[in-house]
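Peer 1:
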Amino acid sequence: MIALDIIQFFHKQHFVIISTIDEKGYPHNSCKGIVEIDESGRVYLFDLYMAKTYKNLKKNQLISITAVNEHKFVGYSLKGKAKIIPKNKVNKRILRLWEDKITSRITHRLLKNLQGEKGHTAHPEALLPRPAYLIAVDIDEVIDLIPSHIKRKAWK
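So the sequence shown is residues 3 to 158, counted in the working numbering.
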């Protein structure tokens, strides 16, 4: 089970870094967007390509999902086991959630551009392919990335 404040933290992130283990035992990092975290704490992410992450998860289901908010100096890493769900077995509701997130990201980018914050000249989210498969992760451990000496000072 994941605490509600941690679930809310991850839902506010535009992307997370997931780490899998490659065939040589090295970490492989990739950016993904969380589609949903259900009430049991299971995390759902879409992968748009059937490349290294897919190959790694077929051989080793261990995964970590990491996100940080640099400004607030907060971050978490979720460790667990992933299951690959083929595209044709994905619940339509989950697919709609992904489409809503992509729309939200495009809107967010447009608003920042209108406010004068120049980012990418194109809208890369609009160019992304449809998801290739779904990654469902059962979380075994939540790691708080705030150093303990800083956490202690914040509560004094």
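Just so it is clear, CB atoms sit at the ideal spot from N, CA and C, and this is done for glycine as well. Since the model is a prediction, treat every value here as computed from it, not as a measurement.
Is it buried or exposed for residue 17, if we count other Cβ within 10 angstroms and need 16 for buried?
Peer 2: So residue 17 ends up on the exposed side.
Peer 1: Whose C-alpha, out of 61, 54, 39, 48, is nearest the C-alpha of residue 209?
Peer 2: No answer is possible for residue 209: the residues shown for the chain start at 3 and end at 158.
Peer 1: Would you mind reading off the limits of the alpha helix (DSSP H) that contains residue 56?
Peer 2: Its alpha helix (DSSP H) spans residues 54-61.
Peer 1: For residue 55, I'd like the list of residues in its chain whose CB is within less than 6 Å of its CB, leaving aside the five on either flank, ordered along the chain.
Peer 2: Taken in chain order, the residues that qualify are 22, 32, 49.
Peer 1: Pull up the distance between the alpha-carbon of residue 153 and that of residue 96, whole angstroms please.
Peer 2: Roughly 36 Å separates the two Cα atoms.
Peer 1: Is it true that the CB of residue 137 sits closer than 8 Å to the CB of residue 86?
Peer 2: Closer than 8 Å, so yes.
Peer 1: For residue 112, name the three-state secondary structure that DSSP assigns.
Peer 2: Helix at residue 112.
Peer 1: Following the continuous alpha helix (DSSP H) through residue 11, name the residue where it begins and the one where it ends.
Peer 2: Unbroken alpha helix (DSSP H) run through residue 11: 6-14.
Peer 1: Quick check on the burial criterion: 16 or more other C-beta atoms within 10 angstroms. Buried or exposed for residue 29?
Peer 2: The residue is exposed, with fewer than 16 neighbouring Cβ atoms inside 10 Å.
Peer 1: Which first and last residues belong to the beta strand (DSSP E) in which residue 144 is found?
Peer 2: From DSSP, the beta strand (DSSP E) with residue 144 extends over 135-146.
Peer 1: With a threshold of 16 other CB atoms inside 10 Å of the CB of residue 67, please say whether the residue is buried or exposed.
Peer 2: Buried, since its Cβ has 16 or more Cβ neighbours within 10 Å.
Peer 1: Sorted by chain position, which residues of the same chain lie with C-beta nearer than 8 Å to residue 9's C-beta, five sequence neighbours on each side aside?
Peer 2: Taken in chain order, the residues that qualify are 39, 43.
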